[in-house]
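Everything in the sequence shown is counted per my numbering, starting at 3 for the first residue and increasing by one.
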Amino acid sequence: MLSSLSIPFPRLQHMWADSNYGGTLIDWVQQHLGCVLEIVKRPQPFNPWDGLPKKKGRPTIQEREARAQYLSQFSHEELYPAAVPYQAGAHRWVVERTFGWITHSRRLARDDEGLPQCSEAFIQVALSRIMLRRLVRPYS
Numbered sequence: 003m004l005s006s007l008s009i010p011f012p013r014l015q016h017m018w019a020d021s022n023y024g025g026t027l028i029d030w031v032q033q034h035l036g037c038v039l040e041i042v043k044r045p046q047p048f049n050p051w052d053g054l055p056k057k058k059g060r061p062t063i064q065e066r067e068a069r070a071q072y073l074s075q076f077s078h079e080e081l082y083p084a085a086v087p088y089q090a091g092a093h094r095w096v097v098e099r100t101f102g103w104i105t106h107s108r109r110l111a112r113d114d115e116g117l118p119q120c121s122e123a124f125i126q127v128a129l130s131r132i133m134l135r136r137l138v139r140p141y142s
């Protein structure tokens with residue numbers, strides 16, 4: 003799907019991708035398309051429990067006191083955060099929004115296609131339909 007981008011979009015210089023992509027794809031995009039592929043990762047929340055040593059067995063009195071002293075520097079809200087709604091990171095919302103648009107098409111809500119070329123074709127049809135609707139939208 004990406005191989006056809008270099009000719010129609012010569013000004014394309016920067017792309018974003020989900021964290022599932024990466025590895026050799028980054029090098030392939032740089033080599034074949036001449037643009038930068040940036041992998042957008044989910045933001046990792048701060049976890050104060052990560053600073054504690056992990057040890058099996060029953061802790062000694064000194065270890066329990068050291069743990070209590072370490073944890074005393076954090077507020078109750080930091081130690082036990084309430085359920086936080088999903089927060090998209092920088093530019094990740096663009097990727098999530100596009101996936102949301104694509105999955106509105108019933109055929110693309112599940113991955114039932116046998117060949118990747120079929121999936122690619124249906125993604126192009128779905129996004130073409132979205133763009134066509136936006137181009138002919140009546141102005142109010």
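From the three backbone atoms N, C-alpha and C, an ideal C-beta is built for every residue, glycine too.
{"query": "7 Å CB neighbourhood of L27 in its chain, flanking five on each side removed", "result": "L39"}
{"query": "Which residues DSSP lists as bridging V138, in chain order", "result": "In DSSP, V138 forms no bridge with anything."}
{"query": "Where V31 falls, given that 16 or more other Cβ within 10 Å makes a residue buried", "result": "buried"}
{"query": "Per DSSP, the bridge partner or partners of A19", "result": "I41"}
{"query": "Straight-line gap, S21 to V42 (C-alpha atoms, nearest Å)", "result": "6 Å"}
{"query": "Residues near K58 by beta carbon distance below 8 Å, same chain, minus five either side", "result": "none"}
{"query": "Cβ contact (3+ pairs, closer than 8 Å) linking the segment 125–136 and the segment 97–114", "result": "yes"}
{"query": "Spatial distance of I63 from G24 (CA atoms)", "result": "46 Å"}
{"query": "G24 in three-state terms, based on DSSP", "result": "coil"}
{"query": "DSSP state of R112 mapped onto helix, strand, coil", "result": "coil"}
{"query": "Among A111, R13 and M17, nearest to V96 - alpha-carbon criterion", "result": "M17"}
{"query": "Simplified DSSP state of S130, which is helix, strand or coil", "result": "helix"}
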